[in-house]
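*Asks:* I have a structure I would like to understand better, so I am pasting it below and will then ask my questions one at a time.
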Amino acid sequence: MTTRTPLMAGNWKMNLNHLEAIRHVQLLSFALNEKDYDAVEVAVLAPFTDLRSVQTVIEGDKLKMKFGAQDLSAHDSGAYTGEVSGAMLAKLNCTYVTVGHSERREYHGETDELCNAKVKAAFKNGLTPILCIGEGLDVRKAGNQVAHTLAQLDGGLKDVPAEQAETIVIAYEPVWAIGTGEVATPEDAQEVCGAIRGRLAELYSQEVADKVRIQYGGSVKSGNVAAIMAQPDVDGALVGGASLDADEFVKIVRFRDQ
Ligand SMILES: O=C[C@H](O)COP(=O)(O)O
Numbered sequence: 038m039t040t041r042t043p044l045m046a047g048n049w050k051m052n053l054n055h056l057e058a059i060r061h062v063q064l065l066s067f068a069l070n071e072k073d074y075d076a077v078e079v080a081v082l083a084p085f086t087d088l089r090s091v092q093t094v095i096e097g098d099k100l101k102m103k104f105g106a107q108d109l110s111a112h113d114s115g116a117y118t119g120e121v122s123g124a125m126l127a128k129l130n131c132t133y134v135t136v137g138h139s140e141r142r143e144y145h146g147e148t149d150e151l152c153n154a155k156v157k158a159a160f161k162n163g164l165t166p167i168l169c170i171g172e173g174l175d176v177r178k179a180g181n182q183v184a185h186t187l188a189q190l191d192g193g194l195k196d197v198p199a200e201q202a203e204t205i206v207i208a209y210e211p212v213w214a215i216g217t218g219e220v221a222t223p224e225d226a227q228e229v230c231g232a233i234r235g236r237l238a239e240l241y242s243q244e245v246a247d248k249v250r251i252q253y254g255g256s257v258k259s260g261n262v263a264a265i266m267a268q269p270d271v272d273g274a275l276v277g278g279a280s281l282d283a284d285e286f287v288k289i290v291r292f293r294d295q
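Per the numbering used here, the sequence shown runs over residues 38 to 295.
This is how it looks when you write it as C-alpha cells:
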C-alpha cells in the first residue's frame, strides 16, 4: 500500500498583491514548524505577479513550503499576449500549477481539450499539474457527479503516459461547494474521490492509481477539514478563501489536531 503525503495547497485566486504575498508567506513561515512539514506538504498557489516575491522569501529563508501558479499557457513561447509559459514558471522554481480550475473553465471557456494541452505543457516543463475537476449543481442534482467528473478526468489525461500520470495531483472540486460555504459531506467527497482512483486504475494500473494524490476542494475550513481528510481516497485539500487567513490555513495544515 502506497503512503501518500497529504498536500494542503492554498489557492489565493486573484487576491494578495506581491507585498501582501510576502507578508502572508512570512506569517505562514512563523507558524509552521518541522513537525508540520514532516506530516504534510504545504503549498501556496499565487497570482503570477506574486511569484518572484514568493520565491525570494521561500528560497531566501529556506522554507519547506512549495509554491506554484494558478494557470499556464498551453504554448511554449511566442505571440500569445497575456499568456505565461510553463518554462517561465519553471524558471521561477514553481513546483505546482493548477490546470482547469472551475473558474477558468467557467469564465475563460477552458475545455477538457485545452486542459489536456496545459497538463502536457506542465509536465514538459517539469511542473506538477493539479488538475481540477468537478460537477456543477445541476449535474449533482441529477445524480451524475461521478460520470461528469470522470469524463473531465479522461479528457485531462488523454495521451498522458503512466510515468507522468502517477505524479499528477487531482483536485476534486464540486463547483457548488466553491466559495459558497456549502461544503460537500465527507461521504460526497469520498464517493467521487474513490471513483477517480478507480478510474486511474482502469486508465493506467492500480499501482499508478495508488500513487496519485487526490485533493478535495470547496469551502474547506479548519472546522470541516478533519472529517474530509479521514476519507480513504482524500489526500489533501485545495483551499481557496480560508487560505487567505494565515491562522486558519495553519489550522487546516494541522488537520489532525482539529
Ligand atoms: O481552489 C480552491 C477552490 O476553488 C475552493 O475555494 P473555497 O475554499 O473558497 O471554496
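In this text, a Cβ means the ideal position worked out from N, Cα and C, and glycines have one as well.
Remember, it's a predicted structure, so these values are computed and weren't measured experimentally.
Judging by CA-CA distance, which residue of Thr-186, Gln-268, Val-257 and Pro-269 is the nearest neighbour of Asn-48?
*Replies:* Considering only alpha carbons, the answer is Val-257.
*Asks:* Tell me whether the region 49-60 and the region 266-276 touch, counting them as touching only if at least three CB pairs, one residue from each stretch, are closer than 8 Å.
*Replies:* No, they do not touch.
*Asks:* Would you call the region 172-182 and the region 190-201 touching, i.e. three or more CB-CB distances under 8 Å?
*Replies:* Counting Cβ pairs under 8 Å, fewer than three are found: no touch.
*Asks:* So the candidates are Lys-101, Ile-170 and Thr-86; which of them puts its Cα closest to the Cα of Val-121?
*Replies:* Nearest of Lys-101, Ile-170 and Thr-86 to Val-121, Cα basis: Thr-86.
*Asks:* Going by the DSSP bridge assignment, what does Gly-254 pair with across the sheet?
*Replies:* Gly-254 pairs with Leu-275.
*Asks:* Could you compute how far the alpha carbon of Glu-244 sits from the alpha carbon of Pro-43?
*Replies:* Roughly 18 Å between the two C-alpha positions.
*Asks:* Under 7 Å Cβ to Cβ from Ser-90, same chain only, skipping five residues before and after it: list those, please.
*Replies:* Correct list, in chain order: His-55, Ala-58 and Ile-59.
*Asks:* Using 8 Å for Cβ pairs, my map puts Pro-223 next to Ala-267. What's the rounded Cβ distance?
*Replies:* Confirmed, about 7 Å.
*Asks:* Would you give the residue range spanned by the beta strand (DSSP E) that Glu-200 belongs to?
*Replies:* Taken as a continuous stretch (DSSP letters only), Glu-200 belongs to no beta strand (DSSP E), being part of the alpha helix (DSSP H) at 199-202.
*Asks:* If you measure from the CB of Leu-275, is any heavy atom of ligand 1 nearer than 8 Å?
*Replies:* It does: the Cβ of Leu-275 is within 8 Å (strictly closer) of some heavy atom of ligand 1.
*Asks:* What is the residue span of the beta strand (DSSP E) that Leu-44 lies within?
*Replies:* Its beta strand (DSSP E) spans residues 44-48.
*Asks:* Got a sec, what are the start and stop residues for the beta strand (DSSP E) Asn-223 sits in?
*Replies:* Inspection of the sequence shows that residue 223 is occupied by Pro rather than by Asn. Note, Pro-223: premise wrong, no beta strand (DSSP E); alpha helix (DSSP H) at 223-240.
*Asks:* Mapping DSSP to helix, strand and coil, what is Val-206?
*Replies:* In this structure, Val-206 counts as strand in the three-state DSSP scheme.
*Asks:* Determine the extent of the beta strand (DSSP E) in which Cys-169 is found, giving its start and end residues.
*Replies:* Where Cys-169 is concerned, the enclosing beta strand (DSSP E) stretches over 165-170.
*Asks:* For a test of the three-state rule: what should DSSP assign to Ala-80, helix, strand or coil?
*Replies:* Strand.
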